[in-house]
Amino acid sequence: MNYQRFLEEAIDQVHAERRYRVFADLERIVGKFPRAIWRANGKAEEITVWCSNDYLGMGQHPDVVAAMQQAAGNMGTGAGGTRNISGNNHPLVELEHELADLHGKEAGLVFTSGFVSNEAAISTIGRLLPNCLILSDELNHASMIEGVRRSGAEKKVFRHNDVAHLESLLQAAGRERAKLIVFESVYSMDGDIAPIAEIADLAEKYNAMTYIDEVHAVGMYGGRGGGITEREGLAHRIDIIEGTLAKAFGTLGGYITGTRSVIDAVRSYAPGFIFTTALPPSIAAAATASIRHLKTSQAERDAQQRQATHTKQVLADAGLPVMESATHIVPILVGDPELCKMASDRLLGVHGIYIQPINYPTVPRGTERLRVTPTPFHSDALIAELKAALVETWNALGIPYRTEGHTEVPKSERIVSLLVPQSGG
Ligand SMILES: Cc1ncc(COP(=O)(O)O)c(C=O)c1O
Numbered sequence: 000m001n002y003q004r005f006l007e008e009a010i011d012q013v014h015a016e017r018r019y020r021v022f023a024d025l026e027r028i029v030g031k032f033p034r035a036i037w038r039a040n041g042k043a044e045e046i047t048v049w050c051s052n053d054y055l056g057m058g059q060h061p062d063v064v065a066a067m068q069q070a071a072g073n074m075g076t077g078a079g080g081t082r083n084i085s086g087n088n089h090p091l092v093e094l095e096h097e098l099a100d101l102h103g104k105e106a107g108l109v110f111t112s113g114f115v116s117n118e119a120a121i122s123t124i125g126r127l128l129p130n131c132l133i134l135s136d137e138l139n140h141a142s143m144i145e146g147v148r149r150s151g152a153e154k155k156v157f158r159h160n161d162v163a164h165l166e167s168l169l170q171a172a173g174r175e176r177a178k179l180i181v182f183e184s185v186y187s188m189d190g191d192i193a194p195i196a197e198i199a200d201l202a203e204k205y206n207a208m209t210y211i212d213e214v215h216a217v218g219m220y221g222g223r224g225g226g227i228t229e230r231e232g233l234a235h236r237i238d239i240i241e242g243t244l245a246k247a248f249g250t251l252g253g254y255i256t257g258t259r260s261v262i263d264a265v266r267s268y269a270p271g272f273i274f275t276t277a278l279p280p281s282i283a284a285a286a287t288a289s290i291r292h293l294k295t296s297q298a299e300r301d302a303q304q305r306q307a308t309h310t311k312q313v314l315a316d317a318g319l320p321v322m323e324s325a326t327h328i329v330p331i332l333v334g335d336p337e338l339c340k341m342a343s344d345r346l347l348g349v350h351g352i353y354i355q356p357i358n359y360p361t362v363p364r365g366t367e368r369l370r371v372t373p374t375p376f377h378s379d380a381l382i383a384e385l386k387a388a389l390v391e392t393w394n395a396l397g398i399p400y401r402t403e404g405h406t407e408v409p410k411s412e413r414i415v416s417l418l419v420p421q422s423g424g
């Protein structure tokens, strides 16, 4: 057995499919977000990041940084154990109360990442409910797919945001069977939003449980940053609301909120929660500071929306193929994996603008894109710079401009693979 050869062949396959990932070596600079130092080929250069999920720049907010520093100074760095064995630190307990309050739920539970929260919660609930059928949106994130898979429950995938299809699956299962509907509020690659009210109506009609991933919405939508469910007054109609602390809240970790019994069941049965070290107090304290700030401050949300709208307008006016998006996410269609990578390389190398290419399997083939995420800190001047750089890149590489209006890309079916996640990351 030549172990190395097998692994090298696996890597060669990723190269052949043009989905080998290269990470940019970045150093973010407090006070200068979205500027960062990029290191490559022995050089260090200051560039502008246009694809960060630190959507509101909270990762450098003075209150958040101070909370982290203070907690580390007072309580040290690590948690020192699992939640059960000495790691249950007070800032983490406070954070869970803050999250339950954010979503108007009885309880919250924090995990080491959003990925882990989805994998652990969905797999545990699906396993505990007898003969559970999981109904999963076809564009759900890899972490949710992993949760569904590990639950061992039967699954049916419904067409993206297609409530008629979902209803037909619910109807076939009948009211008596245990059913869990898992979906996202904001789909991060297209920037579209789920029909949450209609899904909640169906859940009521067919007596199903609902689980929503608000990872790309918490902090950014709703009067207190409770996500799309808060904005639409629907949080009370969804059983489990999941989110991350790593995007708009600018720190690290994931969570679920729900009734005391749901939270206690996941707390008691999920290996991904039980058998791992708890989040450090410094991170928990920073996350709480960020959530508290965004519960009362609308300024970041307003500025993000303003700059996202402005970016879409400026790029569309230049004829660039900006894809339709109902949210802060601004996808620009390239439609070819090679060109997408070349565009990204050129933007970084020539213009000092970093936008990671998004290729298959994260998005369907033929819809390869640059995914731009304007934040409150992307000024009008930076937006003008971005437009000029994109136009130069589009001309230099011969990438097609938009024909008319916005660019609509059919949300073609994702190809389900056992090895590669369908979306995100
Ligand atoms: C929809 C969705 N859910 C969950 C996650 C995982 O969250 P985290 O980065 O906190 O692990 C991501 C991406 O990172 C995501 O896009």
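For the sequence shown, numbering that gives the first Met the number 0 begins at 0 and goes up steadily by one.
Virtual Cβ for every residue (Gly too), placed ideally from N, Cα, C.
Query raised in the report: How many Å lie between G30 and V63 at the Cα?
Result: 13 Å
With respect to the beta strand (DSSP E) encompassing I46, which residues constitute its N-terminal and C-terminal limits?
K42 to V48
Would you kindly report the start and end of the unbroken alpha helix (DSSP H) that includes I124? G113 to L127
_Tell me whether T228, by its Cβ, gets closer than 8 Å to a heavy atom of ligand 1._
no
ask   = On the three-state DSSP scale, how would you describe P296?
value = In the sequence under discussion, the amino acid at residue 296 is Ser, which differs from the Pro named in the question. Correct three-state label for S296: coil.
Would you call the region 101-112 and the region 166-186 in contact, with 3 or more CB pairs under 8 Å?
no
> If we ignore side chains and look at the alpha-carbon of each, how far apart do V349 and I382 end up?
Replying inline: 17 Å
**Beta-bridge pairing of F32 - partner residues as DSSP gives them** = Paired residue(s): none; F32 is not in a bridge.
Is any non-hydrogen atom of ligand 1 found closer than 8 Å to the C-beta of S142, if you look at the structure I gave you? yes
Point to revise | Ordered list of beta strand (DSSP E) runs contained in the region 147-192, each at least 3 residues | key: 153-157 and 178-183
Given a threshold of 16 other Cβ atoms within 10 Å of its Cβ, counted over all protein chains shown, does E213 qualify as buried or as exposed? buried
ask   = What are the boundary residues of the beta strand (DSSP E) that includes V371?
value = R368 to V371
_Just to confirm my understanding: we take L338, look at its own chain, exclude 5 residues before and 5 after, and list those with CB closer than 7 Å. What are they?_
L396 and I398
From A317 to R368, what does the alpha carbon distance come to, in whole angstroms? 17 Å
*asked:* Using only the alpha-carbon positions, how far apart do K311 and T243 sit?
replied: 26 Å
- Task: Might you give, ordered along the chain, the residues of its own chain that have their beta carbon closer than 7 Å to the beta carbon of G335, omitting 5 neighbours on each side?
- Result: A quick correction: the sequence has Asp, not Gly, at residue 335. Once the five neighbours on either side are set aside, the close Cβ partners of D335 are E367.
Could you give the distance in angstroms between the alpha-carbon of M188 and the alpha-carbon of Y54?
14 Å
Measuring only from the beta carbon, is N73 closer than 8 Å to any heavy atom that is part of ligand 1? no
- For T123, does the count of other Cβ atoms within 10 angstroms reach 16, so buried, or fall short, so exposed? buried
Min CB distance E16 to chain B below 9 Å: Given the protein chain composition of this structure (a single chain), no chain B is represented.
(Q) Using DSSP's beta-bridge definition, name the partner residues of F110. (A) G253
Meets three-Cβ-pair contact criterion under 8 Å: the region 222-239 and the region 277-286
no
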